[in-house]
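Each remark here refers to the structure printed beneath this line.
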Amino acid sequence: MDPQANLTSGVGLKGQASPAGSIYHALVAQAADLAAFIIPTAIENLSLVPADRHLTGAEIELVALPEREARLRRLLRPIADRFDYLIIDCPPSLGLLTLNALVAADAILITLHCEYFALEGLAELVSTLRRVRVSLNKDLDIEGVLLTMYDDRTNLGQQVARDIRDFFKEKVFRTVIPRNVRLGEAPSHGLPVILYDVKSRGAEAYLALAREVLARTAAQTSVPAPPEPAGS
Ligand SMILES: Nc1ncnc2c1ncn2[C@@H]1O[C@H](COP(=O)(O)OP(=O)(O)OP(=O)(O)O)[C@@H](O)[C@H]1O
Ligand SMILES: [Mg+2]
Numbered sequence: 006m007d008p009q010a011n012l013t014s015g016v017g018l019k020g021q022a023s024p025a026g027s028i029y030h031a032l033v034a035q036a037a038d039l040a041a042f043i044i045p046t047a048i049e050n051l052s053l054v055p056a057d058r059h060l061t062g063a064e065i066e067l068v069a070l071p072e073r074e075a076r077l078r079r080l081l082r083p084i085a086d087r088f089d090y091l092i093i094d095c096p097p098s099l100g101l102l103t104l105n106a107l108v109a110a111d112a113i114l115i116t117l118h119c120e121y122f123a124l125e126g127l128a129e130l131v132s133t134l135r136r137v138r139v140s141l142n143k144d145l146d147i148e149g150v151l152l153t154m155y156d157d158r159t160n161l162g163q164q165v166a167r168d169i170r171d172f173f174k175e176k177v178f179r180t181v182i183p184r185n186v187r188l189g190e191a192p193s194h195g196l197p198v199i200l201y202d203v204k205s206r207g208a209e210a211y212l213a214l215a216r217e218v219l220a221r222t223a224a225q226t227s228v229p230a231p232p233e234p235a236g237s
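The sequence shown begins at 6 in this note's numbering and counts up by one.
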């Protein structure tokens, strides 16, 4: 949902879309079947509905359209069962595109740089979440808060991390993403960091995050283990 389409280029698919188009075309035309917009990536089990520059205009075009905040939700509902996770990348601003994501989502994963300005944006984000819960998506949860760009050599980084943990308590992931050069380089090669340099500290941190997300989900649903098959 980000007009900058960084995620699309970050998985090596810059400028590519399905014959049906990008998420922009699906949103504005309220496509009947989002499946036609899904393209495969080089990563096993990861598919993408690409973003492109057209989305910049969508912020304005959506204003005049019916159900303008719920269009993404409508697109995702019919295909949701086909995937374990649907991840919606949001633009940095809180406009209609982000609002569509917040209305479509079960939960939000908040990433925060360990810098002073991250705290300034937080109050606005929390009040937006509150408003969305009241009016548009009462079940919207916080999946977790992820501290990124962490540099344990600076006092400021440590202080900001402490402040965020004081505020969000156990919602903050134990995993922290360090400032890491390989994370910065990977997108310029059109590769996710786990394909670019899986041994880097950055990749290891993101793998740890994935494990933590899965463990939390397992703890929440706590499905009992299936019984051992008879005779084994
Ligand atoms: N932990 C990190 N260490 C070093 N570089 C990083 C790290 N995280 C992200 N970067 C780099 O910073 C840039 C922005 O990262 P990213 O796209 O994740 O930010 P974003 O919050 O999605 O930005 P935007 O709000 O503009 O969409 C990229 O070039 C990325 O490679
Ligand atoms: Mg981004």
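For each residue, glycine too, the CB sits at the ideal point set by N, CA and C.
Ligand 1 approaches Pro-192 closely enough that one of its heavy atoms is under 7 Å from the residue's Cβ. For Thr-133, the uninterrupted alpha helix (DSSP H) segment begins and ends at 121 to 140.
Comparing C-alpha distances from Ala-25 to each of Asp-38, Val-131, Leu-91 shows the shortest one belongs to Asp-38. Within the model, the alpha-carbon separation for Arg-179 versus Pro-83 is close to 34 Å. Taken atom to atom, the span from the alpha-carbon of Gly-126 to that of Ile-182 is near 19 Å. Pro-45 sits in a strand when the DSSP states are folded into three classes.
The three-state secondary structure of Ala-215, taken from DSSP, is helix.
Ranked by Cα distance from Leu-81, the options Leu-117, Phe-172, Leu-188, Asp-111 are led by Asp-111.
Here the alpha carbons of Ile-28 and Ser-227 stand approximately 34 Å from one another. Nearest to Leu-152 by alpha-carbon distance, out of Lys-143, Thr-116, Tyr-121, Leu-134, is Thr-116.
Around the beta-carbon of Arg-76, 16 or more other beta-carbon atoms lie within 10 Å, marking it buried.
The way I'd put it, the region 118 to 132 does touch the region 157 to 173; three or more beta-carbon pairs between them come closer than 8 Å. Here DSSP, grouped into helix, strand and coil, assigns Ile-65 to helix. In the three-state reduction of the DSSP assignment, Phe-88 falls in the coil class, being assigned neither a helical nor a strand state. The C-alpha of Ala-208 lies about 5 Å from the C-alpha of Ile-199. Here the alpha carbon of Glu-72 sits roughly 14 Å from the alpha carbon of Ala-63. Secondary structure at His-30: helix, using DSSP grouped into helix, strand and coil. Under the DSSP assignment, Leu-145 falls outside any alpha helix (DSSP H); it carries neither an H nor an E label. Every residue whose beta carbon comes nearer than 7 Å to a heavy atom of ligand 2 appears here in chain order: Asp-7, Gln-9, Asn-11, Leu-12, Asp-94, Pro-97. Exclusion of the five residues before and after Leu-102 leaves Met-6, Asp-7, Pro-8, Leu-60, Ala-63, Glu-64, Leu-67, Cys-95, Pro-96 as the residues of its chain whose Cβ lies within less than 8 Å of its Cβ. Here DSSP, grouped into helix, strand and coil, assigns Ala-112 to strand.
The DSSP-derived three-state label of Val-177 is strand.
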